[in-house]
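Just so we're aligned, residue 1 is where the sequence shown starts under full-length UniProt numbering, counting upward by one. Glycine is no exception: its CB is placed at the ideal position from the N, C-alpha and C atoms. These numbers were taken from a predicted model, which means no experiment stands behind them.
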Amino acid sequence: MDMTEATVTAFVGDSLTENGDWQKLLPGQNVINFGVGGNTTHDLMDRLDEVVAAGPSTVVVEIGTNDFGWRFPVEEVVENIQAILAQLREKLPDAKIVMQSILPRQPEYAHIVRTVNEQLERYVPTVPCSYVDVWPALADENGGLKPEFTVDGLHLTEAGYEAWFAVLRPVLAV
1 MDMTEATVTA
11 FVGDSLTENG
21 DWQKLLPGQN
31 VINFGVGGNT
41 THDLMDRLDE
51 VVAAGPSTVV
61 VEIGTNDFGW
71 RFPVEEVVEN
81 IQAILAQLRE
91 KLPDAKIVMQ
101 SILPRQPEYA
111 HIVRTVNEQL
121 ERYVPTVPCS
131 YVDVWPALAD
141 ENGGLKPEFT
151 VDGLHLTEAG
161 YEAWFAVLRP
171 VLAV
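Next comes the structure, spelled out in structure tokens:
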């Protein structure tokens, strides 16, 4: 099989991924959206085989915000994301893996989200994979989503996705 025809970029995550128009970010490329609304890190671990079966050359991961809604401990969220990245690396040894920081949400979650993101940023070089910190582009001074990027403090508007794409685009080299 000609690898150029089979090049797939998989976007993996929760509703934030599911609602993104990733094909718009990568026009002309084969994009598969594996975002599922409501997914936690546990849910994603349970369906990683589906992602692996698609044989993506690039996997872009965004997961974790729903874990906070369920009040999962920081350690559990970090360990689950580490396990997800380790499984992806093991099963897709040649793939480019991009781990994104957990996006800001309501300000009361800011401290816990930052704590997880700091641990992830330290961990990703060991996978190895890339780390993209989308927090600075989306967070306001209180650690919540900037008002112009959200309608409910959690989900993104089109402007929010554009700000996210702007951070992600250079990493995906498009």
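The region 83-94 and the region 18-36 do not touch, with fewer than 3 CB-CB distances between them shorter than 8 Å. Sixteen is the threshold: since fewer than 16 other Cβ atoms of the shown chains lie within 10 Å of the Cβ of residue 21, the residue is exposed.
Every beta strand (DSSP E) stretch that sits fully inside the UniProt domain "SGNH hydrolase-type esterase" (11-163) and reaches 3 residues is listed by chain position as 30-35, 58-62, 96-100, 130-132.
The C-beta of residue 158 has fewer than 16 other C-beta atoms within 10 Å across all chains shown, which makes the residue exposed. Ranked by how close their Cα comes to the Cα of residue 8, the residues 57, 106, 154 have 57 in first place. The same chain holds no residue with a CB closer than 6 Å to that of residue 126 once the five nearest residues on each side in sequence are set aside. Residue environment analysis places residue 62 among the buried positions, since at least 16 neighbouring C-beta atoms fall within 10 angstroms of its C-beta. In the DSSP assignment, the residues bridged to residue 9 are 31, 58. Sorting 110, 99, 75 by C-alpha distance to the C-alpha of residue 13 places 99 at the top.
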